[in-house]
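> Provided herewith is a single structure, encoded as C-alpha cells, for subsequent inquiry.
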Amino acid sequence: MELATIGAGLAAIGAGLGIGLIGSKAVEGIARQPEATGDIRGIVILTAALIEGAALICMVLSFFV
Amino acid sequence: MNILRPYCFLLIFTAFALVVQGQDGHNHRDDHNHKDGHAHQKGSEHHDHNDHNHAAPVQGSPDHAQPGQHSAVTQGASAVGHADAAGAHEGCGHTDDPNAPFNAGELALHHISDANAIHIVGDWYFHLPVILYAPGHGWKWASTRSFKTHHHGNGTVAQDGYVLVHGNVMRVQDPAFPKGEVPVSEPSHETTTVNGKEKITYYVKANDICYKLDPKTTLDGGLMGGGITSFYDFSITRNVFTMLLVCGLLFWMFRAVAKAYTTRDGQAPRGLQNAMETFVTFIRDEVAIPNIGHGYERFMPYLLSVFFFILGLNLFGQLPIFPGSANVTGNISITMVLAVITFLITNLSGNKHYWEHTLWMPGVPALLKILILTPVEVLGLFLKPFTLMLRLFANITAGHIVIVSFVSLIFIFGKAGESLGGTAVGLAASIPLTLFIMAIELLVAFLQAYIFTMLSAVYFGMATEEAHH
Chain A
27 MELATIGAGL AAIGAGLGIG LIGSKAVEGI ARQPEATGDI RGIVILTAAL
77 IEGAALICMV LSFFV
Chain B
929 MNILRPYCFL LIFTAFALVV QGQDGHNHRD DHNHKDGHAH QKGSEHHDHN
979 DHNHAAPVQG SPDHAQPGQH SAVTQGASAV GHADAAGAHE GCGHTDDPNA
1029 PFNAGELALH HISDANAIHI VGDWYFHLPV ILYAPGHGWK WASTRSFKTH
1079 HHGNGTVAQD GYVLVHGNVM RVQDPAFPKG EVPVSEPSHE TTTVNGKEKI
1129 TYYVKANDIC YKLDPKTTLD GGLMGGGITS FYDFSITRNV FTMLLVCGLL
1179 FWMFRAVAKA YTTRDGQAPR GLQNAMETFV TFIRDEVAIP NIGHGYERFM
1229 PYLLSVFFFI LGLNLFGQLP IFPGSANVTG NISITMVLAV ITFLITNLSG
1279 NKHYWEHTLW MPGVPALLKI LILTPVEVLG LFLKPFTLML RLFANITAGH
1329 IVIVSFVSLI FIFGKAGESL GGTAVGLAAS IPLTLFIMAI ELLVAFLQAY
1379 IFTMLSAVYF GMATEEAHH
C-alpha cells in the first residue's frame, strides 16, 4: 500500500511536468501568433486530457494493485 | 444575478454537508482496522475475531455475536455451505463498533459504489425495485422497502433468503434458510485475507443461528474483488435509476427542441432550443467535421447521444442532493459499455484502407510487419477503447473521492462531532477546498464528455478515412 501511494505521487509528478510543458508552449505559441489562440486552446485541452488520462490510469492502478 | 451566485454555492454546500452529516452513521459502520495486530494466515481460513478483538467492546448492541453459537452453526450450516469453514472457530464476525474512529476512505468508497436503495438523509431512503435471480430458486421481484430498512441501510427482515446489508442486497448461502419473511439481526462482518487481498464476509443472525451471506455476482472475474456467487442482481440500483432519470430528462428536452423546429420553422431558435443548438452545432462543427470529414452524418447520432449522456450523468453526479450524487460515469462497467460501443462502431465501419493499414501496412518490409507492426496495431485496436474507458472512469471517480475527502475534513478535525472547535476549523478548511474542487469538477464534467466524444470521432475518422495515394 505504501509503495502504491508513492506510485500515485510519481504519476502526479509526471502529469504535472507534462501539463506544465503544454501550458508553457501554448503561451509561447499564443504570444507569437495571437490569431491562433482558438486552435491552440482546443489542442491544449485535448492534450492535457490525454496526459491526465495516463496519470489517472497510473493512480487507479496503484490503488487496485 | 452574479451576486446571487456565491449564495447558490453556499446553499448547495450546506445541503451537501447535511447529506454527509446524515451519512455520518457510516463512519462507524465499517471498522476494518482490526486487521492490525493479527497475523493473517494465508489461504481462506476464517479468523474468529470474537475471542481476542474489540479493545472497545460494543456496548448496547444486543446483536453482538457471542462465541457461544458454535454448536448451532455447525449443526445448521456446516453440512451445506460452510464446509470450508466448519472448524471449531466458526464465528459470526462482529457488528459495527460505534466507537470506531472516523474513516474517510470507507466513506468515500461507500459514496462511489452502487447501492440497491438510495440514501437520502438520516434514516430516509428512496426505495427501488429489486430483481434477483438465483439458479434453482427462480426470480424474486420486490422493493427494498420490503426489507424494512432501518439505519445504515440494513434490513431487519430477510425476504426469501435475501438480506439488505448497507443498502445492498445479499443472499444467505445456506439453502436450508426458511423462505418468506424472517426477522434477522444487524449484519456482522469479518475480514479475512485471501492471497494477500482483504475480503469482507458478512453474516446475519436469524433464530440465533449465524448465516453466511453471499454478495451479488459481478462479472469482473475477481479483478475488483467480485466473482460469481449464488445469485444475480438485475435490480434498478442507484446508478440505473440515475441513468433512467437522465435518459428521461434528455428525451423530454430533445423532444421539446425537436418540436420547436417544426412549430417555429424559419424563425430564430429560442430558449432551450437555442441552448441545445449551441451544443449540437459545436459537436458537428468542432468535433465531427474536422475529425471524420466526409460522411460524418452517419456518426452524428452516436456522437450526440454519447456526449449528452455522459454530460448529463456527470452533471447529475455533481449534484450533492438526492436525485444526483450517484457515481454513474465513475462506474467502470458503464464506461466499459460506452467504450465497447465505440470500439464496435469503429471496427464495423472500418474500410479496406483502415484494415490494410492495421493488419498489413504497405511499404514496410514483411518481417517488420509480422514481428512488430501488426501486433502493435492489433494491440492498439483494443488499447484505444481501454483508455477511453479508464479515462472517464478515473476522472469522475477521482473527483468524487476528492470531494468526499475534503468534506470529511470536518469530521476528521471535529472527531465526528466530539470537538466543536475542531469542527469549526474543519469547516473553515473544508468549504473553500470543496468549492474549489467542485468548480474544477464542473469543468471536468464538460471536458470529459467532450474528450470522449472527440476521441470517438477521431477513431471513426481513422476507420473511414479514404486513401490519399
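Here the protein sequences come in this chain order: A and B.
Taking the numbering used here, the leading residue of the first sequence gets 27, the next gets one more, and so forth.
Taking the numbering used here, the leading residue of the second sequence gets 929, the next gets one more, and so forth.
Glycine included, every Cβ here is placed at the ideal spot set by N, Cα and C.
1. Exposed or buried, B:Q1376, counting other C-beta atoms within 10 Å across all chains shown (16 or more means buried)?
2. Does DSSP classify B:A1391 as helix, strand or coil?
3. Taking the CB atoms as reference points, tell me whether B:S1398 and B:T1392 lie closer together than 8 Å.
4. Let me know if B:F1310 comes out buried or exposed under the rule of 16 or more other beta-carbons within 10 Å of its beta-carbon.
5. Strictly below 8 Å CB to CB, what residues from chain B border A:I22?
6. Buried or exposed: which applies to B:M1289, given that a residue is buried once 16 or more other Cβ atoms fall within 10 Å of its Cβ?
7. With DSSP run on the structure shown, which of helix, strand or coil describes B:V1112?
8. Could you check which residue in B:D1088, B:G1083, B:H1080 and B:P1057 has the C-alpha nearest to that of B:G1064?
9. With a threshold of 8 Å between beta-carbons, can A:A75 be considered close to chain B, or not?
10. Output the distance between the C-alpha atoms of B:L1296 and B:E1284, rounded to the nearest integer angstrom.
11. Under 8 Å: do the segment 1064-1077 of chain B and the segment 1190-1201 of chain B share three or more Cβ pairs, one atom per stretch?
12. Please confirm if B:L1239 has its CB atom under 8 Å from at least one CB of chain A.
13. Can you check whether the CB of A:A75 is closer than 8 Å to the CB of A:G40?
14. Verify whether the separation of the beta carbon atoms of B:S1367 and B:L1239 is less than 8 Å.
15. Taking the beta strand (DSSP E) that B:S1071 belongs to, which residues open and close that run?
16. Does the distance from the C-beta atom of B:G1033 to that of B:E1118 stay below 8 Å?
17. So with CB distances below 9 Å, who are the chain B contacts of A:L36?
18. Taking C-beta pairs closer than 8 Å, name the residues in chain B that A:L23 reaches, listed in chain order.
19. Please report the distance separating the alpha-carbon of B:F1321 from that of B:N1167.
20. Return no unless some Cβ of chain B is closer than 8 Å to the Cβ of A:G55.
21. Quick check: what's the CA-CA separation for B:K1398 versus B:L1060?
22. Classify A:C84 as helix, strand or coil using the three-state DSSP reduction.
23. What in chain B is Cβ-close to A:G49, meaning under 9 Å?
24. Just the chain A side, please: which residues come within less than 9 Å of B:L1037 by C-beta, in chain order?
25. Buried or exposed: where does B:Y1387 fall if 16 or more other Cβ atoms within 10 Å of its Cβ makes it buried?
26. Can you give the Cα-Cα distance for B:V1215 and B:A1326, rounded to whole angstroms?
27. Exposed or buried, which one is B:I1338 when buried takes at least 16 other CB atoms within 10 Å?
28. Using DSSP with H/G/I as helix, E/B as strand and the rest coil, what is B:A1254?
29. Can the beta-carbon of B:I1331 be found closer than 8 Å to that of B:I1365?
30. Under 8 Å, Cβ to Cβ, is there at least one residue of chain B near A:G79?
31. Would you kindly work out how many angstroms separate the C-alpha atoms of B:R1319 and A:G55, rounded to a whole number?
32. Kindly indicate which residue of B:L1056, B:G1083 and B:T1170 has the alpha-carbon position closest to the one of B:T1257.
33. Determine, for B:L1375, whether the minimum Cβ-Cβ distance to residues of chain A falls below 8 Å.
34. From which residue to which residue does the alpha helix (DSSP H) around B:K1280 run?
35. Could you check the C-alpha separation between B:T1270 and B:L1316 for me, to the nearest Å?
36. Do you know how far the Cα of B:K1107 is from the Cα of B:G1155?
The relevant details are as follows:
1. Looking up residue 1376 of chain B in the second sequence gives position 448. B:Q1376 should be labelled buried.
2. Here the question's residue 1391 of chain B lines up with position 463 in the second sequence. Residue state, collapsed to three classes: helix.
3. Since the displayed chain B opens at 929 and closes at 1397, residue 1398 of chain B lies outside it and no answer follows.
4. Looking up residue 1310 of chain B in the second sequence gives position 382. Label assigned to B:F1310: exposed.
5. Look at the range of chain A in this structure, 27 to 91, and you will see that residue 22 of chain A is not part of it.
6. As a working mapping, residue 1289 of chain B is identified with position 361 in the second sequence. Per the 10 Å Cβ criterion, exposed.
7. As a working mapping, residue 1112 of chain B is identified with position 184 in the second sequence. In this structure, B:V1112 counts as coil in the three-state DSSP scheme.
8. As a first step, residue 1064 of chain B must be located in the second sequence, where it is residue number 136. Of the listed residues, the one whose Cα sits closest to B:G1064 is B:D1088.
9. Working through the first sequence from its first residue, we reach residue 75 of chain A at position 49. It does; some Cβ of chain B falls within 8 Å.
10. Along the second sequence, one-based indexing puts residue 1296 of chain B at 368. Along the second sequence, one-based indexing puts residue 1284 of chain B at 356. Each residue's Cα considered, the two are about 15 Å apart.
11. no
12. Numbered from its first residue, the second sequence carries residue 1239 of chain B at position 311. Not an interface residue.
13. As a first step, residue 40 of chain A is located in the first sequence; it is residue number 14 there, counting from the start. As a first step, residue 75 of chain A is located in the first sequence; it is residue number 49 there, counting from the start. No, the Cβ-Cβ distance between A:G40 and A:A75 is not below 8 Å.
14. Within the second sequence, numbered from 1, the residue matching residue 1367 of chain B stands at position 439. Within the second sequence, numbered from 1, the residue matching residue 1239 of chain B stands at position 311. The residue asked about is misnamed: residue 1367 of chain B is Ala in this sequence, not Ser. Not a contact, by the Cβ cut-off of 8 Å.
15. On the second sequence, residue 1071 of chain B is found 143 positions in, with the first residue counted as 1. It spans G1066 to S1071 - the beta strand (DSSP E) in which B:S1071 sits, taken as one unbroken run.
16. Taking the first residue of the second sequence as 1, we reach residue 1033 of chain B at position 105. Taking the first residue of the second sequence as 1, we reach residue 1118 of chain B at position 190. No. Outside cutoff.
17. One-based indexing of the first sequence puts residue 36 of chain A at position 10. By Cβ distance, chain B contributes nothing, its closest Cβ being about 16 Å from A:L36, past 9 Å.
18. Residue coverage of chain A in this structure runs from 27 to 91, which leaves residue 23 of chain A outside it and unanswerable.
19. The count along the second sequence starts at 1 and reaches residue 1321 of chain B at position 393. The count along the second sequence starts at 1 and reaches residue 1167 of chain B at position 239. Taking the straight line joining both Cα atoms gives about 14 Å.
20. Here residue 55 of chain A refers to the residue found at position 29 when the first sequence is read from its first residue. Cβ-Cβ to chain B under 8 Å: no for A:G55.
21. Nothing can be reported for residue 1398 of chain B, as the shown portion of chain B is limited to 929 through 1397.
22. In the first sequence, counting from the first residue as 1, residue 84 of chain A sits at position 58. Residue state, collapsed to three classes: helix.
23. Residue 49 of chain A sits at position 23 when you count from the first residue of the first sequence. Near A:G49 there are no residues of chain B at all, since even the closest Cβ is about 15 Å away, more than 9 Å.
24. Translated into positions along the second sequence, residue 1037 of chain B becomes position 109. Here the premise fails: no neighbours, minimum Cβ distance about 10 Å.
25. Locating residue 1387 of chain B in the second sequence gives position 459, counting from the first residue. So B:Y1387 ends up on the buried side.
26. Translated into positions along the second sequence, residue 1215 of chain B becomes position 287. Translated into positions along the second sequence, residue 1326 of chain B becomes position 398. Distance between the alpha carbons of B:V1215 and B:A1326: 26 Å.
27. Translated into the one-based positions of the second sequence, residue 1338 of chain B becomes position 410. The residue is buried, with at least 16 neighbouring Cβ atoms inside 10 Å.
28. Here residue 1254 of chain B refers to the residue found at position 326 of the second sequence. It is coil, neither helix nor strand.
29. Sequence index remark: in the second sequence, residue 1331 of chain B carries index 403 (1-based). Sequence index remark: in the second sequence, residue 1365 of chain B carries index 437 (1-based). In this structure, B:I1365 lies closer than 8 Å to B:I1331 by Cβ.
30. As a first step, residue 79 of chain A is located in the first sequence; it is residue number 53 there, counting from the start. It does; some Cβ of chain B falls within 8 Å.
31. One-based indexing of the second sequence puts residue 1319 of chain B at position 391. One-based indexing of the first sequence puts residue 55 of chain A at position 29. Approximately 28 Å between the Cα atoms of the pair.
32. Reading the second sequence from its first residue, position 329 is the one you call residue 1257 of chain B. Out of B:L1056, B:G1083 and B:T1170, B:T1170 has the C-alpha closest to the C-alpha of B:T1257.
33. Residue numbering aside, residue 1375 of chain B sits at position 447 when the second sequence is read from its first letter. By this cut-off, B:L1375 is an interface position.
34. Position 352 of the second sequence, counted from the start, is the residue given in the question as residue 1280 of chain B. Element bounds for B:K1280: K1280 to L1287.
35. Here residue 1270 of chain B corresponds to residue number 342 of the second sequence, with the count starting at 1. Here residue 1316 of chain B corresponds to residue number 388 of the second sequence, with the count starting at 1. Spanning the two alpha carbons is a distance of roughly 9 Å.
36. Stepping through the second sequence from its first residue, residue 1155 of chain B is reached at position 227. Stepping through the second sequence from its first residue, residue 1107 of chain B is reached at position 179. Spanning the two alpha carbons is a distance of roughly 25 Å.
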